[in-house]
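Keeping their order, the protein sequence lines are chains A and B. Sequential numbering from 1 applies to the first sequence in the working numbering. Sequential numbering from 1001 applies to the second sequence in the working numbering. Below is one structure, written out as structure tokens; the observations come after it.
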Amino acid sequence: AQSVTQLGSHVSVSEGALVLLRCNYSSSVPPYLFWYVQYPNQGLQLLLKYTTGATLVKGINGFEAEFKKSETSFHLTKPSAHMSDAAEYFCAVSAGNQFYFGTGTSLTVIP
Amino acid sequence: ETGVTQTPRHLVMGMTNKKSLKCEQHLGHNAMYWYKQSAKKPLELMFVYSLEERVENNSVPSRFSPECPNSSHLFLHLHTLQPEDSALYLCASSQDRAGFANYGYTFGSGTRLTVV
């Protein structure tokens, strides 16, 4: 069975500080991994995705994520947080014929 | 227009009303989905359509009735809803056939539904 775990339902960082949002997955087949962002009263927008190839994936708005098979992780990072990064972030995995979302992490950016 | 468009953006309805949510995708995708997003709860997959055929119905109450007349349009018909049905309803589409969304989903902006 496949699943996604996001550690920390709420994360707060200061403006300009490193953003680290954690995601671990379990999958019996090679996974495709995604990060989505959701702003208030909006749908989910794709930030980045890992399918195959390079394990460090760069996305929009300066975010990137690294697929680490040995750790079954796909953590999302951004070197310097901006106020506009405040949103809900969802990790997701597609494996076999199933697609799973994590429960989300709410990011607060403190001025 | 591009992407996935949902209408209306906001809807308030009484428990005896009948209303419909509409979703339209302009991406040429093969599968479409309805998700329910409630506060403090994970995203809940409701219905999946692949090339206009319903392939999944995740034990959703019959007061929710989906319709997919063609590969670009998806509706969610609502009747005799309960207050606990208040939520953000998200439509999504995927390039792959249903269940193999290896390219990910494209979401609409959602319909904020309030049942009074």
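Glycine included, C-beta positions come from ideal geometry on N, C-alpha and C.
How many angstroms separate the CA atom of residue i from the CA atom of residue j?
i	j	result
ASN1057/B	SER12/A	37 angstroms
LYS1036/B	PRO31/A	24 angstroms
PRO79/A	ASN1070/B	44 angstroms
LEU46/A	THR1016/B	37 angstroms
LYS1018/B	THR1080/B	7 angstroms
LEU1074/B	LEU1043/B	19 angstroms
CYS23/A	PRO111/A	26 angstroms
THR108/A	VAL57/A	23 angstroms
PHE34/A	PRO1061/B	30 angstroms
CYS1091/B	SER106/A	22 angstroms
LEU1011/B	THR1111/B	7 angstroms
GLU1053/B	ASP1096/B	14 angstroms
HIS75/A	ARG1063/B	39 angstroms
LEU48/A	VAL29/A	20 angstroms
PRO40/A	THR55/A	30 angstroms
LYS69/A	SER27/A	10 angstroms
HIS1029/B	PRO1008/B	22 angstroms
If you measure between the beta carbons of residue i and residue j, is that distance less than 8 angstroms?
i	j	result
GLN1006/B	LEU1021/B	yes
LEU1113/B	TYR1089/B	yes
VAL1115/B	MET1013/B	yes
ALA65/A	TYR89/A	no
ALA81/A	GLY8/A	no
SER1065/B	GLN1025/B	no
THR1180/B	SER1093/B	Since the first residue shown for chain B is 1001 and the last is 1116, residue 1180/B is missing from the structure and cannot be characterised.
TYR25/A	VAL4/A	yes
GLN98/A	SER1109/B	no
CYS1023/B	VAL1048/B	no
ALA1101/B	SER14/A	no
PHE101/A	ALA87/A	no
Less than 8 angstroms between the CB atoms is what I'm expecting for residue i and residue j, so what's the real figure, rounded?
i	j	result
GLY104/A	GLN6/A	7 angstroms
VAL19/A	THR72/A	That pair is no contact at about 21 angstroms.
TRP1034/B	LEU1078/B	Actually they are not in contact, since the Cβ atoms of TRP1034/B and LEU1078/B sit about 11 angstroms apart, beyond 8 angstroms.
In the DSSP assignment, the beta strand (DSSP E) including residue i goes from what residue to what residue?
i	result
PHE63/A	Per DSSP, PHE63/A belongs to no beta strand (DSSP E) and is neither H nor E.
THR1111/B	1111–1115
LYS1018/B	1018–1025
TYR89/A	87–95
MET1013/B	1010–1013
Q | Near-chain A residues of the region 1033–1045 of chain B (beta-carbon distance less than 7 angstroms), N- to C-terminal order | A | Residues of the region 1033–1045 of chain B that bring their beta carbon within less than 7 angstroms of a beta carbon in chain A comprise PRO1042, LEU1043, in sequence order.
Q | Interface positions of the region 42–54 of chain A facing chain B (Cβ-Cβ less than 9 angstroms), listed along the chain | A | Listed by position along the chain: GLN42, GLY43, LEU44, GLN45, LEU46, LYS49, THR51.
Q | chain B contacts made by the region 62–96 of chain A, where a contact means CB separation under 7 angstroms | A | Hits within the stretch, in order: SER94.
**Q.** Proximal residues, the region 99–111 of chain A versus chain B, C-beta separation under 7 angstroms
**A.** PHE99, PHE101, THR103
Q: Quick one: which residues of the region 1004–1028 of chain B get their C-beta closer than 9 angstroms to a C-beta of chain A? List them in chain order.
A: VAL1004, GLN1006, ARG1009, HIS1010
Q. Any residues in the region 1094–1112 of chain B with a beta carbon nearer than 7 angstroms to a beta carbon of chain A? Which ones, in chain order?
A. GLY1099, PHE1100, ALA1101, ASN1102, GLY1104, PHE1107, GLY1108, SER1109, GLY1110, ARG1112
Q.
Under 9 angstroms, CB to CB, which of the residues in the region 1063–1094 of chain B have a partner in chain A?
A. Listed by position along the chain: LEU1088, LEU1090, CYS1091, ALA1092, SER1094.
Q: Identify each residue in the region 7–40 of chain A for which the Cβ-Cβ distance to at least one residue of chain B is less than 7 angstroms, and report them in chain order.
A: Legend: CB atoms of the region 7–40 of chain A lying less than 7 angstroms from CB atoms of chain B belong to residues TYR32, PHE34.
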